[in-house]
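Participant: The number in my numbering is simply the position in the sequence shown, starting from 1, with 5 added.
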Amino acid sequence: MKKVLKLTLAVVCVMFTSSLFAQKIGYINTDPIVANMAETKEAMTKIEAFAKDLSAQAETLQVEFNTKFQEYQKNAEGMTDSIKQLKEKELDDISNRIQQFEQIAQQDIQKKQQELMTPIYEKVKTTINEVAKAGNYSVILPGNALIYVDAATVADISKDVATKLGVDWDKATAAATTPAQ
Numbered sequence: 006m007k008k009v010l011k012l013t014l015a016v017v018c019v020m021f022t023s024s025l026f027a028q029k030i031g032y033i034n035t036d037p038i039v040a041n042m043a044e045t046k047e048a049m050t051k052i053e054a055f056a057k058d059l060s061a062q063a064e065t066l067q068v069e070f071n072t073k074f075q076e077y078q079k080n081a082e083g084m085t086d087s088i089k090q091l092k093e094k095e096l097d098d099i100s101n102r103i104q105q106f107e108q109i110a111q112q113d114i115q116k117k118q119q120e121l122m123t124p125i126y127e128k129v130k131t132t133i134n135e136v137a138k139a140g141n142y143s144v145i146l147p148g149n150a151l152i153y154v155d156a157a158t159v160a161d162i163s164k165d166v167a168t169k170l171g172v173d174w175d176k177a178t179a180a181a182t183t184p185a186q
């Protein structure tokens, strides 16, 4: 009786263990998907336009500095010490404004990029979840971080997610693997 109980227990353990390993696992490479989404291209256009506007404003400050600096150099010999100090302080103030503006502009560009890209990443994440649920996957791993994948036991869902998001997967991966010229 003890042998039958032990044998039954062993069979149950083997069945339980094998069901744990029967989980469906997939992976995805989101980089080419995100890069080729229409929303990403639109966001990048907006970010570039925003950065261009900020660059134009920085250029205006730089022109102001250059003009005042040239004026200072041209008239420095005829200036009294107090006027020289005043002009040097003015140049220093403009230089500091330029540096502050550049730092703030860089932060503003990062904020704009985050503001525009976050909904795109959320959309991709939602689509990954939908594809994973529809395919009965237990786990989806990031494909760009994997070192080894056994294609017989782990599925690449990148093409399915790309298709659902309206991205041509073949074109996206071709663009990602083509070397820049």
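Ideal Cβ positions, reconstructed from N, Cα and C, are used throughout, including at glycine.
Would S163 be called buried (16 or more neighbouring beta carbons within 10 Å of its own) or exposed?
Facilitator: Counting Cβ neighbours within 10 Å, S163 comes out buried, since at least 16 surround it.
Participant: Please check the pair I125 and V166, which I expect to be a contact at CB under 8 Å, by giving their CB distance rounded to whole angstroms.
Facilitator: Contact doesn't hold; Cβ gap of about 13 Å is too wide.
Participant: Which same chain residues end up closer than 8 Å to G140 when comparing Cβ atoms and leaving out the 5 residues on each side of it in sequence?
Facilitator: If we look at G140 and ignore the five residues flanking it on each side, its Cβ neighbours are K29, G31, A160, I162, D165.
Participant: Take the Cβ of I33 as the centre, count every other Cβ of all protein chains shown within 10 Å, and call the residue buried at 16 or more, exposed below.
Facilitator: Buried: at least 16 other Cβ atoms inside 10 Å.
Participant: For the beta strand (DSSP E) containing L146, name the first residue and the last one.
Facilitator: Its beta strand (DSSP E) spans residues 144 to 147.
Participant: Counting along the chain, where does the beta strand (DSSP E) carrying D161 start and finish?
Facilitator: Start and end: 159 to 161.
Participant: Which parts of the region 77 to 160 are runs of the alpha helix (DSSP H), unbroken and 4 residues or longer, counting only runs that do not cross its ends?
Facilitator: The qualifying runs are 86 to 139.
Participant: Just to confirm before moving on: does the CB-CB distance between N41 and V129 stay below 7 Å?
Facilitator: Not in contact: N41 and V129 (Cβ atoms no closer than 7 Å).
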